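Q: Provided herewith is a single structure, encoded as C-alpha cells, for subsequent inquiry.
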Amino acid sequence: MSERAESPLWIELAAADDPRDVVHRAVACLAQGGVVGLSTETVYGLAACALSVRGVARVRAMRGSDPLRPLTLLLRGPEEITDWIPGITRLGLRMAARLWPGPAILVFSRGIEGGLAESLPPEARASISPTGDLAVRSPSQSIVRDVLRLLPAPLVITMAATEKHPVPGTAESLRDLRGLDMVVDAGPTRYQKPASIVRIDGDQYRLEREGVVEAPDLALCASTIIVFVCTGNTCRSPMAEALCKAILARRLACGVDELEERGYVIRSAGVAASNGSPAAPHAVEIVRRRGGALDSHRSRRMLPAMALQADLIFAMTAEHHQLLVDQVPTARSRAHLLDPDGGDLDDPYGGDLETYAQTALMIESMLERRLDQIGL
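Start counting the sequence shown at 15; every next residue gets the next number (our numbering).
What follows is the structure in C-alpha cells.
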C-alpha cells in the first residue's frame with residue numbers, strides 16, 4: 015500500500031451496516047502496511063501493525079516529534095504482558111492487572127530481554143523502541159480490541175496530535191493529516207484526555223505524564239492490597255483489618271494513617287454483609303485496647319472487583335474461602351485462610367468481652383505469622 019496525499023477512506027462506525035465489516039477492512043489495511051486512524055477511549059491515534067516495517071516507519075514519520083520516545087504497543091490484555099516483559103516485577107504485574115484494559119501506558123526499560131519484542135522485524139523494533147524502552151497498553155475501546163483480536167501481532171499506535179488539535183478527541187482531528195490510508199470514526203472519545211504514562215523501574219514507578227489516571231489513583235494501583243473476609247463484616251474481619259494495620263504500622267515504624275503512603279491498603283468485607291453496619295461494640299472496645307481503631311468502620315459486601323484487585327485475601331473459615339473462590343475463581347491463588355495451620359477462626363458474635371479478647375489474641379498471632387511469611 016503506497017503512501018498518498020489524497021483523502022483516506024473514511025468510515026463512520028455508527029453508520030455501518032455491519033461493524034464487523036469495518037473491523038475486517040481495518041485489519042486488511044493494517045496487514046498491507048497501511049496506517050489507520052483509530053479511536054481509543056482516550057484520544058484518536060495513528061495505528062499500524064507491529065509486524066509491518068513500512069507501516070511502523072510511516073507512523074514514526076507521521077509523528078513528527080520526540081524521535082526517541084517509544085511508540086506504544088497495544089496488547090489484548092494484561093495476561094499478555096509477561097510475553098513482552100518476561101522479567102516484569104510484581105509491581106509491573108500489579109499495575110497492568112489494575113490499570114488494564116484502560117487509559118494507561120506502562121513504559122519498561124528492564125525485564126524486556128527474551129520477550130516477544132525480539133521477534134519483531136529489526137527495522138520495526140528500532141522504530142518502536144529507539145532507545146530500548148518498551149511502551150505497552152491494553153485499551154478498553156471496543157473497535158481497537160476487535161481489531162487486535164484479528165491481528166497476529168499488537169498494534170503500534172501514537173497520538174494523532176497536531177498543533178491545531180493537541181488532544182485529538184474526535185475523528186475530525188485527523189482531517190488535516192496526510193499519509194493516512196483509513197479512518198474509523200467511532201465518535202468522540204470517552205475521556206477526551208490522553209492516557210497517563212507510567213514508567214516502571216523494578217519496584218519503583220514514576221508518573222511521566224498525568225492523563226486520565228491521576229497520581230492518587232495510581233498510588234492505589236501500585237499498593238499492596240490485603241483484604242480480610244468473614245460473613246457480616248462486623249466482628250472478625252474488621253478486627254483483623256484494624257489489628258493488621260496496627261501491627262504493620264509498628265513494623266514499618268509509621269502511623270496507621272501513613273500506611274497507604276507507604277504502599278499498603280488494608281481492607282475487610284463480608285461474603286453476606288449488608289453495607290453500612292458498624293462494628294460490634296465489643297470488637298470496637300477490644301481493638302481499641304490493642305492499639306487499633308474501629309469507631310468509623312462500616313460493613314461492606316465482598317464484591318468480585320475487590321477480590322480481583324487484592325494481592326492477598328485472608329478468609330476466617332474454610333467456608334468463607336470456598337464461597338469466595340466459587341464467586342471469583344481467579345482469586346484462588348491469592349486467597350488463604352488467616353490461620354497458617356489451616357483452621358477456622360470461630361465467630362465471637364454474641365459472646366462477652368472476654369470472648370472477643372481471646373479472638374483478638376488469636377487474630378494477632380495469626381497475623382504475625384502471615385506477615386512474616388510474606389516478608390512484611
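Backbone N, C-alpha and C define an ideal beta-carbon position, used for all residues, glycine too.
Since this is a predicted model, take the numbers as computed values, not measurements.
Could you pull the DSSP bridge partners for L60 from this structure?
A: Indexing the sequence shown from 1 puts residue 60 at position 46. G51, T172, per the DSSP bridge assignment.
Q: Which residues mark the beginning and the end of the beta strand (DSSP E) in which Y219 is found?
A: In the sequence shown, counting from the first residue as 1, residue 219 sits at position 205. Here the beta strand (DSSP E) through Y219 covers 218 to 223.
Q: Within its chain, find whatever has a CB closer than 6 Å to the CB of D325; leave out the 5 residues flanking it on each side and keep chain order.
A: As a position in the sequence shown, residue 325 is number 311, starting the count at 1. Cβ within range, chain order: T238, I239.
Q: Output yes or no for whether 9 Å exceeds the beta carbon distance between L60 and M173.
A: Locating residue 60 in the sequence shown gives position 46, where the first residue counts as 1. Locating residue 173 in the sequence shown gives position 159, where the first residue counts as 1. The answer is yes: Cβ separation under 9 Å.
Q: Looking only at its chain, what residues have a beta carbon closer than 6 Å to the beta carbon of E186, apart from the 5 residues adjacent to it on each side?
A: Mapped onto the sequence shown, residue 186 falls at position 172. None.
Q: How is E299 classed by DSSP in three states: helix, strand or coil?
A: Numbered from its first residue, the sequence shown carries residue 299 at position 285. Helix, per DSSP.
Q: Taking all protein chains shown into account, do 16 or more other C-beta atoms lie within 10 angstroms of the C-beta of N289, making it buried, or fewer, making it exposed?
A: Here the question's residue 289 lines up with position 275 in the sequence shown. Exposed.
Q: Compute the Euclidean distance between the alpha carbons of G146 and C244, then round it to the nearest angstrom.
A: As a first step, residue 146 must be located in the sequence shown, where it is residue number 132. As a first step, residue 244 must be located in the sequence shown, where it is residue number 230. Rounded to the nearest angstrom, the two C-alpha atoms are 47 Å apart.
Q: Hey, out of P144, A140, V150, K207, whose CA is closest to I102's CA?
A: To locate residue 102, count along the sequence shown from 1; it is residue 88. Ranking P144, A140, V150, K207 by Cα distance to I102 puts V150 first.
Q: Return the residue from the list P92, A263, R250, D353 that minimises the CA-CA distance to P292.
A: Looking up residue 292 in the sequence shown gives position 278. Answer by Cα proximity: R250.
Q: Could you check whether the segment 44 to 63 touches the segment 187 to 205, counting it as contact only if at least three pairs of C-beta atoms, one from each stretch, sit closer than 8 Å?
A: Cβ pair count under 8 Å is three or more, so yes.
Q: Kindly give me the distance between the Cβ atoms of E382 and I261, rounded to whole angstroms, as I take these residues to be in contact under 8 Å.
A: Locating residue 382 in the sequence shown gives position 368, where the first residue counts as 1. Locating residue 261 in the sequence shown gives position 247, where the first residue counts as 1. 7 Å between Cβ atoms; contact.
Q: At the level of alpha carbons, what is the spacing between L148 and L89?
A: Sequence index remark: in the sequence shown, residue 148 carries index 134 (1-based). Sequence index remark: in the sequence shown, residue 89 carries index 75 (1-based). Taking the straight line from one Cα to the other gives about 12 Å.
Q: Going by CA-CA distance only, name the one from A200, T176, A263 that's closest to R159.
A: Locating residue 159 in the sequence shown gives position 145, counting from the first residue. R159 has its Cα closest to that of A200, out of A200, T176, A263.
Q: Within the same chain, show all residues whose beta-carbon is closer than 8 Å to that of G284, passing over the 5 residues directly before and after it, in chain order.
A: The count along the sequence shown starts at 1 and reaches residue 284 at position 270. V243, C244, T245, G246, N247, T248, S251, S313, R314, R315, M316, listed in sequence order.
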